[in-house]
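In the order they appear, the protein sequences are chains U and R. Numbers given in my numbering equal positions in the first sequence, counted from 1, plus 140. Numbers given in my numbering equal positions in the second sequence, counted from 1, plus 3. Beneath this line is the structure, given in structure tokens, with notes to follow.
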Amino acid sequence: MNLFKVLDISASALLAERQRAEVVSSNLANAESTSTPGGGPYKRMHVVFGAHPMQMHGFAMTLASFTDINAEGVRVDRVVQDGAPPVRRFEPGSPDADAEGYVSYPAINPVEELVNLMGAARAYQLNASAVQSTKNMIQASIDIIKS
Amino acid sequence: MSWLDSPQDNLLARYLDLAAMRQALITSNIANVDTPGYRTRDIDFHGELVRAIEHEDADSTEPVVREVQGLIARPDGNNVSIDRESMLLSEVQLQFSAAEQLLKSDFKTLSMAINEGSSGS
Numbered sequence: 141m142n143l144f145k146v147l148d149i150s151a152s153a154l155l156a157e158r159q160r161a162e163v164v165s166s167n168l169a170n171a172e173s174t175s176t177p178g179g180g181p182y183k184r185m186h187v188v189f190g191a192h193p194m195q196m197h198g199f200a201m202t203l204a205s206f207t208d209i210n211a212e213g214v215r216v217d218r219v220v221q222d223g224a225p226p227v228r229r230f231e232p233g234s235p236d237a238d239a240e241g242y243v244s245y246p247a248i249n250p251v252e253e254l255v256n257l258m259g260a261a262r263a264y265q266l267n268a269s270a271v272q273s274t275k276n277m278i279q280a281s282i283d284i285i286k287s
Numbered sequence: 004m005s006w007l008d009s010p011q012d013n014l015l016a017r018y019l020d021l022a023a024m025r026q027a028l029i030t031s032n033i034a035n036v037d038t039p040g041y042r043t044r045d046i047d048f049h050g051e052l053v054r055a056i057e058h059e060d061a062d063s064t065e066p067v068v069r070e071v072q073g074l075i076a077r078p079d080g081n082n083v084s085i086d087r088e089s090m091l092l093s094e095v096q097l098q099f100s101a102a103e104q105l106l107k108s109d110f111k112t113l114s115m116a117i118n119e120g121s122s123g124s
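See the structure below:
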């Protein structure tokens, strides 16, 4: 088992969690956006994570031993739009109001988004500790040579 | 048996190997803490070690990766327990450094035997 590949697994999770935080931040920022380039209010986005065997290439592939186990990293499989209908508020003065005077706002619950953001931050921290632990193990292996 | 190729060093090497494999699986479990449908995976560390002791040529056999039973799954089908994984993360790290220290002290003894001979005369 190649310990450097273990770092890649953690790195894939750090990347995925950061992308999740980006999407959540975008939801929070656009909680009141009533118009988008595509027309209509902003739609809430979700990330969908998927487990994937780590791809190895070049040097790492040559180094990989035959007893390698199949440990999986994570990546953002897709970003989906929430299908929830927009929230309609009566604001006849707004330029985005429809014929009846209602403005469609995105169906975004800031509390839900913040909880999601905290989840992403915690998962990021956990993976960062995993990186630290793997680094210590690599350092210990190097110390065998130094003794 | 050669003095450079002692059975206990081979066993320690296998121990380090298994610890590294386990680290990979734990890291993978942690990475997939939010992946819907992901199941926690692990190897039977002690079972694999016993197998390595019984068959000294077990270097080339692949450890059995299995799904961990008895964990509580969330509604999305994911059953990664952060507490279990963080605990195992520190455990494996300690196991690794213990085996590493033993291996180091073995090499130190060897190097002492090599060097003290020359300085004595």
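Virtual Cβ for every residue (Gly too), placed ideally from N, Cα, C. All values reported here derive from a predicted model rather than from experimental measurement.
- In chain order, D12, L15, A16 and L19 place their CB closer than 8 Å to the CB of L106/R, counting only its own chain and leaving out the 5 sequence neighbours on each side.
- Proximity of chain R to S281/U at the Cβ level (cut-off 8 Å) is accounted for by L19 and E103, in chain order.
- Classified as buried, G213/U has 16 or more neighbouring CB atoms from the shown chains inside 10 Å of its CB.
- In this structure G40/R touches G80/R by the C-beta definition: roughly 4 Å separates them, less than 8 Å.
- With a 10 Å radius around the Cβ and a threshold of 16 neighbouring Cβ atoms, A116/R comes out exposed.
- Between the stretch 236-256 of chain U and the stretch 51-60 of chain R there are fewer than three C-beta pairs closer than 8 Å, too few to call the two in contact.
- Comparing alpha-carbon positions, the option among G120/R, D86/R, P10/R and V36/R lying closest to I149/U turns out to be V36/R.
- Listed along the chain, the chain U residues whose CB falls inside 8 Å of the CB of T38/R are F189, G190, A191 and V214.
- Per DSSP, reduced to three states, the secondary structure at H58/R is coil, with no helix or strand assignment.
- The C-beta of K286/U has fewer than 16 other C-beta atoms within 10 Å across all chains shown, which makes the residue exposed.
- Remark: C-beta atoms of S152/U and R215/U approach each other more closely than 9 Å.
- By the neighbour-count criterion, in which 16 or more other beta carbons inside 10 Å mark a residue as buried, R69/R falls on the exposed side.
- For A280/U, the closest C-alpha among the options G120/R, R54/R, L91/R and L97/R is that of L97/R.
- Using a 10 angstroms sphere on the CB of N167/U, the tally of other CB atoms reaches 16 or more, which defines it as buried.
- Within the stretch 267-278 of chain U, those residues whose Cβ lies closer than 9 Å to any Cβ of chain R are, in chain order, N267, S269, A270, V271, S273, T274, N276 and M277.
- Close CB contacts of L257/U within its chain, under the 8 Å cut and outside five residues either way in sequence, are with A161, V164, S165 and L168 (chain order).
- The Cβ neighbour count for E172/U, taken over all protein chains shown within 10 Å, is under 16; the residue is labelled exposed.
- Rounded to whole angstroms, the gap between the alpha carbons of V188/U and E157/U is 11 Å.
- Residue-level contact by beta carbon fails for E252/U and chain R, as no gap is shorter than 9 Å.
- Neighbours of S150/U in chain R, taken as residues whose beta carbon is under 7 Å from its own, are T30 and A34 in chain order.
- One thing to note: E88/R has its Cβ within 9 Å of the Cβ of I33/R.
- Contact between P246/U and P177/U fails: their C-beta atoms lie close to 15 Å from each other, not under 8 Å.
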